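J.:
Residue numbers (our numbering), protein chains in the order written: chain H, 20 to 138; chain E, 65 to 179.
#1: Apart from the five residues just before and just after residue 150(E), which ones in its own chain have a Cβ nearer than 7 Å to its Cβ?
#2: Under 9 Å between beta-carbons, which chain H residues line up against residue 168(E)? List them in chain order, please.
#3: Report the option in 47(H), 120(H), 95(H) whose CA atom is closest to the CA atom of residue 40(H).
#4: Cβ of residue 28(H) within 9 Å of Cβ of residue 133(H)?
#5: With burial defined as no fewer than 16 other Cβ atoms inside 10 Å of the residue's Cβ, what is the status of residue 172(E): buried or exposed?
#6: Determine the closest residue to residue 169(E) out of 79(E), 99(E), 85(E), 72(E), with distance taken between C-alpha atoms.
#7: Which residues of the segment 120-138 of chain H have a Cβ closer than 8 Å to any Cβ of chain E? Give them in chain order.
#8: To which residues of the same chain is residue 76(H) closer than 6 Å at the C-beta, ignoring the five residues directly before and after it?
#9: Residue 125(E) and residue 131(H) look like a contact to me (Cβ under 8 Å); what is the Cβ gap, rounded to whole Å?
#10: Tell me, please, whether the segment 114-124 of chain E touches the segment 30-40 of chain H by the rule of three or more beta-carbon pairs shorter than 8 Å.
#11: Under 9 Å between C-beta atoms, does residue 107(H) make it to chain E?
#12: Within 9 Å of any Cβ in chain H, is that where the Cβ of residue 130(E) sits?
#13: Confirm, please, whether the CB-CB distance from residue 138(E) to residue 131(E) is below 9 Å.
#14: Mind pulling the beta strand (DSSP E) runs of 3 or more residues that sit fully within the segment 32-98 of chain H?
#15: Write down the C-beta distance between residue 156(E) and residue 108(E) rounded to the nearest angstrom, noting that I regard them as a contact closer than 8 Å.
#16: With DSSP run on the structure shown, which of helix, strand or coil describes residue 122(H)?
#17: For the beta strand (DSSP E) that contains residue 76(E), what are its first and last residues?
#18: Check whether the Cβ of residue 152(E) lies closer than 9 Å to any Cβ atom in chain H.
#19: So is residue 46(H) in contact with chain E if we call contact Cβ pairs under 9 Å?
#20: For residue 101(H), list the residues DSSP reports as bridge partners.
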């Protein structure tokens, strides 16, 4: 079956440019997450969408980062005025997790990420 | 503050031996803990979940233990094979800093199984 799809798989951009990263979650999954993974580092939580609720943006590192999820499905992570320290792999994951605490332990299904290089 | 630590960045083991990976956490009592596998250039893949009231969970050659007193989970791969070489991540819900709890990952342990 179809998994989580991310595009592009690789993106090279110049410092100061804006970039958009796309995530297509597994159909029917109400929860969607963005994480960032820098070389030699763990996964850093960025943002979490749950159904129609307001997203949890507590992990976004600066106001240059924003994300949308349209129609409860596809999500776009936008980085404005990119900096070299933004270079990393951006991972998207979806989950059948809902607002019901009994579903909180639902595993995450990850895409293969977008490798962003800011030159 | 809450922390999750995998205390080995890398582990080399001979094929056929049992690999044991450690995950420790502080200042928290999670209801469950998850383990993932990540291969180079790929996203993490879920392996096992263990709940706080479970001491041990098994899946084929994998075994996970959860000691809430020691605040530690151990991940074992028995009869290890070169194909088991990957980075293994533990994860649990932690306060994201804004009062909501999100799945937080350790930095992972890179396992190399030597033929």
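Cβ atoms here follow ideal geometry from the backbone N, Cα and C, with glycine treated the same way. On a predicted model such as this, the values are computed, not experimentally measured, just so you know.
T.: Taking the geometry as given:
#1: 101, 102, 103, 175
#2: 61, 62, 64
#3: Residue 40(H) has its Cα closest to that of 95(H), out of 47(H), 120(H), 95(H).
#4: yes
#5: buried
#6: 99(E)
#7: 123, 124, 126, 127, 128, 129, 130, 131, 132
#8: 66
#9: Their Cβ separation, rounded to whole angstroms, is 25 Å, which puts residue 125(E) and residue 131(H) out of contact at 8 Å.
#10: The answer is no - the segment 30-40 of chain H does not touch the segment 114-124 of chain E, with fewer than three Cβ pairs under 8 Å.
#11: no
#12: With a threshold of 9 Å between beta carbons, residue 130(E) makes no contact with chain H.
#13: yes
#14: 38-43, 50-56, 62-69, 84-88, 94-98
#15: Contact doesn't hold; Cβ gap of about 14 Å is too wide.
#16: helix
#17: 74-78
#18: no
#19: no
#20: Bridge partners of residue 101(H): none, in fact.
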